[in-house]
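Chemist:
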Amino acid sequence: MNFVVNGEALALEATTLADLLLALEYEGEWLATAINGDLVHREDRAETHLEEGDRIEILSPMQGG
Amino acid sequence: MLKLYDTELSSRLLLGTARYPSPAVLSEAVKRSGAGIVTVSLRRETSGSRTGGAFFELIRQLGVRILPNTAGCHSASEAVLTAKMAREVFGTNWIKLEVIGHHDSLQPDVFELVEAARILTNEGFDVFPYTTDDLIVGEKLLAAGCRVLMPWCAPIGSAAGPRNPSALVAMRAAFPDIPLIVDAGLGRPSHAAVVMELGYDAVLLNTAVASAGDPPAMGEAFAKAIDAGRLAYLAGMLEPREMAVPSTPVIGKAVFS
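These protein sequences, in sequence, are chains R and L. According to my numbering, the residues represented by the first sequence are 83 to 147, in order. According to my numbering, the residues represented by the second sequence are 341 to 597, in order.
1. Tell me, to the nearest whole angstrom, how far the beta carbon of Pro519 of chain L is from that of Phe562 of chain L; I am working on the premise that it is less than 8 Å.
2. Comparing alpha-carbon positions, which option in L:Gly403, L:Thr461, L:Asp517 and L:Leu578 lies nearest Trp434 of chain L?
3. With distances taken Cα to Cα, identify the nearest neighbour of Leu382 of chain L among R:Ala116, R:Arg137 and R:Glu129.
4. Rounded to whole angstroms, what is the Cα-Cα separation between Leu574 of chain L and Val122 of chain R?
5. Taking Gly374 of chain L as the reference, give the member of L:Glu560, L:Leu342, L:Leu544 and L:Leu545 with the closest Cα.
6. Taking the alpha-carbon positions, what's the Val522 of chain L to Phe430 of chain L distance?
7. Return yes when the Cβ of Gly392 of chain L is within less than 9 Å of the Cβ of Leu103 of chain R, no when it is not.
8. Got a sec, what are the start and stop residues for the beta strand (DSSP E) Ala114 of chain R sits in?
9. Within a Cβ cutoff of 6 Å, which residues of the same chain sit near Val188 of chain R, ignoring the five residues on either side of it in sequence?
10. Can you tell me whether Ser415 of chain L is helix, strand or coil according to DSSP?
11. Could you name the residues of the region 119-147 of chain R whose beta carbon sits closer than 8 Å to any beta carbon of chain L, in the order they occur along the chain?
12. Does the distance from the C-beta atom of Gly376 of chain L to that of Ala550 of chain L stay below 9 Å?
13. Within 9 Å of any Cβ in chain L, is that where the Cβ of Thr115 of chain R sits?
14. Report yes if the C-beta distance between Leu407 of chain L and Phe468 of chain L is below 9 Å; otherwise report no.
15. Establish whether the CB of Lys424 of chain L and some CB of chain R are separated by less than 9 Å.
16. Against chain R, does Glu428 of chain L count as a neighbour if the rule is that its beta carbon must be under 9 Å from one of theirs?
17. In this structure, does DSSP put Glu348 of chain L in helix, strand or coil?
18. In whole angstroms, what separates the C-alpha of Ser367 of chain L from that of Ala584 of chain L?
19. Taking the alpha-carbon positions, what's the Lys593 of chain L to Ala552 of chain L distance?
20. In the region 554-581 of chain L, which residue ranges form an unbroken alpha helix (DSSP H) of at least 4 residues, counting only runs that do not cross its ends?
21. Let me check one thing: in DSSP terms, what residues is Ala91 of chain R bridge-paired to?
22. What is the DSSP secondary structure of Gln145 of chain R, counted as helix, strand or coil?
23. Taking DSSP as the reference, what is the three-state secondary structure of Lys593 of chain L?
24. Would you say Leu99 of chain R faces chain L, with C-beta separation under 9 Å as the test?
25. Please work out which residues of its chain come closer than 7 Å, Cβ to Cβ, to His131 of chain R, disregarding the five sequence neighbours upstream and downstream, and give them in chain order.
26. Using a Cβ-Cβ distance under 9 Å, would Phe395 of chain L count as near chain R?
27. Which residues mark the beginning and the end of the alpha helix (DSSP H) in which Phe468 of chain L is found?
28. Please work out which residues of its chain come closer than 8 Å, Cβ to Cβ, to Met577 of chain L, disregarding the five sequence neighbours upstream and downstream, and give them in chain order.
Here it is as structure tokens:
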């Protein structure tokens, strides 16, 4: 399927958000995820099914003022 | 003691974590400044990277309160989603709400800010709004559920110091029971002392410390200025006078001619 992950278009096989994170080698308790503008909680990623064209954001902590 | 959303804090300095020359310098600056709260942010993570995790671990080891921000957001919806993602990562209801409205001055879009504050308060967040010194906006933020206001005193990162002290005085008078934190524009410790002398409850700094020649020393200098300003405010200061008033009593003065 085709997705937009952190603003970048890519194609890969992933049924759930958890699958996608694994396939792209994202790991860590410090990650936050959203699909199409809605937060997806950590514990819901394995049950969150992806659809063609989903826009996925994967954020992590960084320095800020 | 400073109380923000039912949390008591011994320090009146909130410190940003960006722009330091190294993580070690950041860590040392937080310690020497005595800051009880540090601000952090969220950004897109690169595949396979552990940078975010390393930074998070560094912050956790400092043992201070974490105040995530929504820096870089330009709409209420963007800021609300960022706040929710920050709560997921950092495990706190605290959010420094920034909704930028102007690219050059980084002036907040106060209309989007009030809307985002209303939504986030209803979702259980404790909102720390980065705002202007406008009294009506302050009233609307309080009506939206905010229990702290964080006005700028000059544009973010400008180091210009208080550009409109009269407006800050008016804001203090208008909101006597609300914690007021100057959030942006301070460049040197004397600037911090000035706003603390005006009765402000705390200051939030980043660039002035992080970009100093010696950030940990500057953190300590700011902490001392903040304490001095607060003490002076509580002690009651003289109002300026137009004419001289002799400090040495003239009664009993010798007459030599």
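Cβ atoms here follow ideal geometry from the backbone N, Cα and C, with glycine treated the same way.
Modeler: The structure says:
1. Between the beta-carbon of Pro519 of chain L and that of Phe562 of chain L there is about 18 Å, and that puts the pair past the 8 Å contact cut.
2. Of the listed residues, the one whose Cα sits closest to Trp434 of chain L is L:Thr461.
3. Answer by Cα proximity: R:Ala116.
4. Going from the Cα of Leu574 of chain L to the Cα of Val122 of chain R covers about 48 Å.
5. Residue L:Glu560 holds the alpha-carbon nearest to the alpha-carbon of Gly374 of chain L among L:Glu560, L:Leu342, L:Leu544 and L:Leu545.
6. When only Cα atoms are considered, Val522 of chain L and Phe430 of chain L end up about 24 Å apart.
7. Leu103 of chain R is not a Cβ neighbour of Gly392 of chain L, given a cutoff of 9 Å.
8. Bounds of the beta strand (DSSP E) holding Ala114 of chain R are Ala114 to Ile117.
9. Because chain R spans 83 through 147 in this model, residue 188 of chain R falls outside it and cannot be assessed.
10. Here Ser415 of chain L sits in coil by DSSP.
11. Listed in sequence order: Gly119, Asp120, Leu121, His123, Arg124, Glu139, Ile140, Leu141, Ser142, Pro143, Met144, Gln145, Gly146 and Gly147.
12. Not closer than 9 Å, so no.
13. Using a CB distance cut-off of 9 Å, Thr115 of chain R counts as an interface residue toward chain L.
14. Yes, the pair counts as a contact, with Cβ atoms nearer than the cut-off.
15. Closer than 9 Å: yes.
16. At least one chain R Cβ lies under 9 Å of Glu428 of chain L.
17. Residue state, collapsed to three classes: strand.
18. Rounded to the nearest angstrom, the two C-alpha atoms are 48 Å apart.
19. Distance from the CA of Lys593 of chain L to the CA of Ala552 of chain L, rounded to the nearest whole angstrom, comes to 51 Å.
20. If we require 4 residues or more, the alpha helix (DSSP H) runs fully inside the region 554-581 of chain L come out as 555-575.
21. DSSP links Ala91 of chain R through a beta bridge to R:Val86.
22. Three-state result, Gln145 of chain R: strand.
23. In the structure shown, the three-state DSSP call for Lys593 of chain L is coil.
24. For Leu99 of chain R, the answer is no, since every Cβ of chain L falls outside 9 Å of its Cβ.
25. If we look at His131 of chain R and ignore the five residues flanking it on each side, its Cβ neighbours are Thr97 and Thr98.
26. Yes, its Cβ sits closer than 9 Å to a Cβ of chain R.
27. If you look at Phe468 of chain L, you'll find it isn't in any alpha helix (DSSP H); it sits in the beta strand (DSSP E) that goes Asp466 to Thr471.
28. Closer than 8 Å at the Cβ level, and outside the excluded window around Met577 of chain L, lie Glu537.
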